[in-house]
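Protein chains: 2
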Amino acid sequence: MKKVGIALLGLGVVGSGTYRILKSKAENIKRDYGVELEVRQVLEKDLSKAEALGIDLSIVSCDIANVLNDKEISVVAEFFGGIEPAKTFLIACLKAGKSVVTSNKELFSKHWPELEAAAKETGAGIYFEASCGGGVPIIRALHESCQGNDILEIKGIVNGTTNYILSNMSEKGSDYADTLKEAQRLGYAEANPSADVDGFDSTYKLSILSSLSFRKRVPYTAIYREGISGVTKEDIKYGKEFGLTVKLLAISKNVGGKIEAHVYPAFIPDDHPLAKVSGAFNGIYVVGDNVGELMFYGKGAGDLPTGSAIVSDIVYAATHDIHKRYPFILEEEASDFNNDFESEYFIRLIAKDQTGVLSEITGILGKAGISIDSMVQKAGSHGKATIVLITQKTTELTFKAALDALKQAACIDEVANVIRVEK
Amino acid sequence: MKKVGIALLGLGVVGSGTYRILKSKAENIKRDYGVELEVRQVLEKDLSKAEALGIDLSIVSCDIANVLNDKEISVVAEFFGGIEPAKTFLIACLKAGKSVVTSNKELFSKHWPELEAAAKETGAGIYFEASCGGGVPIIRALHESCQGNDILEIKGIVNGTTNYILSNMSEKGSDYADTLKEAQRLGYAEANPSADVDGFDSTYKLSILSSLSFRKRVPYTAIYREGISGVTKEDIKYGKEFGLTVKLLAISKNVGGKIEAHVYPAFIPDDHPLAKVSGAFNGIYVVGDNVGELMFYGKGAGDLPTGSAIVSDIVYAATHDIHKRYPFILEEEASDFNNDFESEYFIRLIAKDQTGVLSEITGILGKAGISIDSMVQKAGSHGKATIVLITQKTTELTFKAALDALKQAACIDEVANVIRVEK
Chain A
1 MKKVGIALLG LGVVGSGTYR ILKSKAENIK RDYGVELEVR QVLEKDLSKA EALGIDLSIV
61 SCDIANVLND KEISVVAEFF GGIEPAKTFL IACLKAGKSV VTSNKELFSK HWPELEAAAK
121 ETGAGIYFEA SCGGGVPIIR ALHESCQGND ILEIKGIVNG TTNYILSNMS EKGSDYADTL
181 KEAQRLGYAE ANPSADVDGF DSTYKLSILS SLSFRKRVPY TAIYREGISG VTKEDIKYGK
241 EFGLTVKLLA ISKNVGGKIE AHVYPAFIPD DHPLAKVSGA FNGIYVVGDN VGELMFYGKG
301 AGDLPTGSAI VSDIVYAATH DIHKRYPFIL EEEASDFNND FESEYFIRLI AKDQTGVLSE
361 ITGILGKAGI SIDSMVQKAG SHGKATIVLI TQKTTELTFK AALDALKQAA CIDEVANVIR
421 VEK
Chain B
1001 MKKVGIALLG LGVVGSGTYR ILKSKAENIK RDYGVELEVR QVLEKDLSKA EALGIDLSIV
1061 SCDIANVLND KEISVVAEFF GGIEPAKTFL IACLKAGKSV VTSNKELFSK HWPELEAAAK
1121 ETGAGIYFEA SCGGGVPIIR ALHESCQGND ILEIKGIVNG TTNYILSNMS EKGSDYADTL
1181 KEAQRLGYAE ANPSADVDGF DSTYKLSILS SLSFRKRVPY TAIYREGISG VTKEDIKYGK
1241 EFGLTVKLLA ISKNVGGKIE AHVYPAFIPD DHPLAKVSGA FNGIYVVGDN VGELMFYGKG
1301 AGDLPTGSAI VSDIVYAATH DIHKRYPFIL EEEASDFNND FESEYFIRLI AKDQTGVLSE
1361 ITGILGKAGI SIDSMVQKAG SHGKATIVLI TQKTTELTFK AALDALKQAA CIDEVANVIR
1421 VEK
């Protein structure tokens, strides 16, 4: 039986989960895929983590040379996260002809071309199934199940932390700040939550998914980004009245050859397949011109779900001599972006509770060429009313101009919030 | 650039769709996958179909020898459906070293071992992504994304015809017979609808999905099967009152090493991910012991969606020299089935509208050890009442005994229907 040596760089949550799966499923993998996987080197400075997993400490070190010099190791799985030393180590492995497996979306979205070039040199493979949806097998699906399609659209919930926060705010009617604190207490959010709540993590993932879908590199820096900290419980409450649920969406579209790519909180209809993707789950909705709509759903994080995706890559890399190539990553960078994209908008206003207010508001929007889809008005205290409008489709620039006009209208005290609506 | 010759056996709906995709995406496939696909032979007796697609008639015939003798052809896609001549032709192709691609679930569920044995002889590949969920990439996901898992459960809506009928009955409150007629008129159901409505098609698909998941051959004959013709608009109406939606489900479970495999109509909660899979869509829910819950969703049929899955297999077969193997299909047939499986039940009764009826019914069920989860009673005319019960989990045999007792109870006129509930 073919025997393949593996190295694990890091024994954090996912690294440990991966080791446990490799150990518990070793016999299955031998029987079903005809390969014996042997973990021959582990890089980890905290020896107690290796001990807890029952790993022989003689194969644990902090020296990448131990991995590079072992000719029996042909697959290296990286769990460090962040750019360095992951980047230097992985490029060295690829140049040594070792295939690499990673869930490191930040590294991948920022340095895919360098990794791809190093891999191309030696014919080694680079695998990143776990990078965009945890356990959800979306990378394989886009690359090996959609060859007969031009991908028209991706719409994904790809960050479990923000989905947990928004789902909880929606279920419990709680504040953003309180829910974030609770998520931090439970370990669903980091002490510094910015990478998740400000949308960076989703942006990295969307860069990878868009590049694969549109067959040219979509840099994460070209993706419009808004986080979830501005979403309030009032917005969520009014959204419900319109049959809408708020989600942090990562959206890419190919509209007539121009790419639109954005990460922002948006309302979606309660009956959209993504609306039921709650808590720590991820859901990725894909539209191909031949296959039509597809959706993929599963756990977006966690030691064993993400470890499952890592192991699927390790088995794939270990059983193939000719590896997958992504030539377009080296050849073409997307440059034709449409930033004046169309959306519908949810607008929540605090206005004076007097006659004529509604006609003034609809007048301002109408003058800008924006039609109103639906509207609700609630009387408040102190002569104020809350007015919530859903507009029909309009472009970003048109909307911004109309919003400025609304802010200056005498009858409006405050534009309390604006959230996009995706149908 | 690598050039690979293709043969298409049949130009029906999916065969024609596949040809159109191969033609329209030829440049994409060359650019992204480094292979030029050339359709070199087509088997089709109706030449007008070939003409409509612009196929040079010199490559169209009814003679498989033209395919077998062309050494440039290394991938053969079959669209005949049914057992013969598909089986004889595909085995001949495999023995000639040509990889085969098919969506033929009947052939595959009945004769996979013969196909696998022929493929093993020459190292040719057999690919069947389009067999179980139309455009939904479920085969690749089970085989190449779940290697680090034991699959615990599959729960699928894999037949678009029955899903269309049940979705329509639910939306419009219409009868089964009328809805079937309408589906036939629109081309969603065959003139002889038995293969779909009696659950045979779902059973074939579940046999393939279960074999892949449990790594031993699960013969379709071992799968318990009930069709949808007994579901009435009254059942659907009462189901709604309990927050339940009816679907034809294909379910396989691995419960402590014993396999439970069934196809039957069942109620699922409105908030289950499968409940929103309506109309001609398919949805397949999978639970792995490490990855947890996954769901795959997309169009279950149609020329281009199914053609998309066929083309993904053709590209895969054309770009790999070492093909996928399913050794377990030749080695082990599942024999350890549990037929006394657990379910919850929806029971709709017509009873005499008199005091003591409910206590008599709950008494009968209680004596059998069956607890009631929820219940509704509606007064009808002529001194009759409709009583609808949802039981808690009970085994098949226990339930059948209790059902016999209910049928004999003096207070009950009729057990109008019984439908399983899957939570």
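In the order they appear, the protein sequences are chains A and B. Mapping to my numbering: the first sequence position 214 is 214, numbers consecutive. Take any residue in the second sequence, note its place counting from 1, add 1000, and you have its number in my numbering. A virtual CB, placed ideally from N, CA and C, is assigned to each residue, including glycine.
C-alpha distance - residue i paired with residue j, whole-angstrom precision
| i | j | result |
| --- | --- | --- |
| Asn1159 (chain B) | Gly279 (chain A) | 30 Å |
| Asp1373 (chain B) | Ile1151 (chain B) | 29 Å |
| Asn1028 (chain B) | Tyr224 (chain A) | 28 Å |
| Arg1020 (chain B) | Asn1069 (chain B) | 25 Å |
| Gly12 (chain A) | Glu51 (chain A) | 13 Å |
| Phe200 (chain A) | Ile268 (chain A) | 21 Å |
| Pro1410 (chain B) | Gly1363 (chain B) | A small correction: the amino acid at residue 1410 (chain B) is Ala; Pro does not occupy that position in the sequence shown. Spanning the two alpha carbons is a distance of roughly 13 Å. |
| Phe1296 (chain B) | Thr1355 (chain B) | 49 Å |
| Asp289 (chain A) | Gly148 (chain A) | 9 Å |
| Ser252 (chain A) | Leu212 (chain A) | 11 Å |
| Ala1233 (chain B) | Thr394 (chain A) | As written in the sequence, residue 1233 (chain B) is Lys, which differs from the Ala given in the question. Looking at the two C-alpha atoms, the distance is approximately 42 Å. |
| Ala189 (chain A) | Thr161 (chain A) | 6 Å |
| Glu331 (chain A) | Val101 (chain A) | 22 Å |
| Leu406 (chain A) | Gly230 (chain A) | 19 Å |
| Ala401 (chain A) | Ala368 (chain A) | 8 Å |
| Pro1193 (chain B) | Asp1178 (chain B) | 13 Å |
| Ile1370 (chain B) | Phe1346 (chain B) | 12 Å |
| Gly1005 (chain B) | Ala141 (chain A) | 25 Å |
| Asn254 (chain A) | Val263 (chain A) | 15 Å |
| Asn1339 (chain B) | Ile1083 (chain B) | 29 Å |
| Thr306 (chain A) | Phe281 (chain A) | 12 Å |
Simplified DSSP assignment, three categories, for residue i
| i | result |
| --- | --- |
| Glu171 (chain A) | helix |
| Leu186 (chain A) | coil |
| Phe1328 (chain B) | helix |
| Leu53 (chain A) | coil |
| Arg1215 (chain B) | coil |
| Gly227 (chain A) | coil |
| Asn1066 (chain B) | helix |
| Pro265 (chain A) | strand |
| Phe1079 (chain B) | coil |
| Glu1344 (chain B) | strand |
| Gly257 (chain A) | coil |
| Ala130 (chain A) | helix |
| Glu44 (chain A) | coil |
| Lys1384 (chain B) | strand |
| Asp1413 (chain B) | strand |
| Asn1028 (chain B) | helix |
| Asp271 (chain A) | coil |
| Ile1370 (chain B) | coil |
| Asn1163 (chain B) | helix |
| Phe337 (chain A) | strand |
Proximity winner among the options, relative to residue i (alpha-carbon distances)
| i | options | result |
| --- | --- | --- |
| Glu1078 (chain B) | B:Ala1191, B:Ser1048 and B:Thr1018 | B:Thr1018 |
| His143 (chain A) | A:Phe341, A:Met1 and A:Lys216 | A:Lys216 |
| Glu1036 (chain B) | B:Phe1128, B:Phe1080, B:Ile1361 and B:Ala1026 | B:Ala1026 |
| Glu38 (chain A) | A:Lys49, A:Glu44, A:Asp46 and A:Leu22 | A:Leu22 |
| Glu1260 (chain B) | B:Glu1342, B:Ala1275 and B:Asn1168 | B:Glu1342 |
| Glu1333 (chain B) | B:Lys1258, B:Ala1065, B:Ala1195 and B:Asn1066 | B:Lys1258 |
| Ala1183 (chain B) | B:Tyr1164, B:Asp1198, B:Ile1055 and B:Leu1053 | B:Tyr1164 |
| Gly97 (chain A) | A:Met1, A:Pro85 and A:Leu115 | A:Leu115 |
| Ser336 (chain A) | A:Ala275, A:Gly380, A:Pro273 and A:Pro219 | Here residue 336 (chain A) turns out to be Asp, not Ser, going by the sequence shown. Residue A:Pro219 is the option with its Cα nearest to Asp336 (chain A). |
Whole-Å CB distance - residue i paired with residue j, under 8 Å assumed
| i | j | result |
| --- | --- | --- |
| Glu1072 (chain B) | Arg1040 (chain B) | 6 Å |
| Pro137 (chain A) | Ala309 (chain A) | 7 Å |
| Ile284 (chain A) | Gly134 (chain A) | At roughly 11 Å, the Cβ-Cβ gap does not stay under 8 Å, so Ile284 (chain A) and Gly134 (chain A) are not in contact. |
| Ile154 (chain A) | Val291 (chain A) | 13 Å between Cβ atoms; not a contact. |
| Leu43 (chain A) | Gly10 (chain A) | 6 Å |
Proximal residues of chain C, C-beta to C-beta of residue i below 8 Å
| i | result |
| --- | --- |
| Ile1055 (chain B) | Going by chain labels, chain C is absent from the structure shown, which instead holds the protein chains A and B. |
* Is there contact between the stretch 408-418 of chain A and the stretch 1053-1063 of chain B, where contact requires at least three CB pairs shorter than 8 Å? -> no
* Does the stretch 192-206 of chain A come close enough to the stretch 235-247 of chain A that 3 or more CB-CB pairs lie under 8 Å? -> no
* **Contact the stretch 312-330 of chain A vs the stretch 114-123 of chain A: 3+ CB pairs below 8 Å** => yes
* Asked: Pairing CB atoms from the stretch 241-250 of chain A with CB atoms from the stretch 106-115 of chain A, are three or more of them under 8 Å?
  -> no
* Asked: Are there three or more Cβ pairs, one per stretch, closer than 8 Å when the stretch 310-325 of chain A is compared with the stretch 160-176 of chain A?
  -> no
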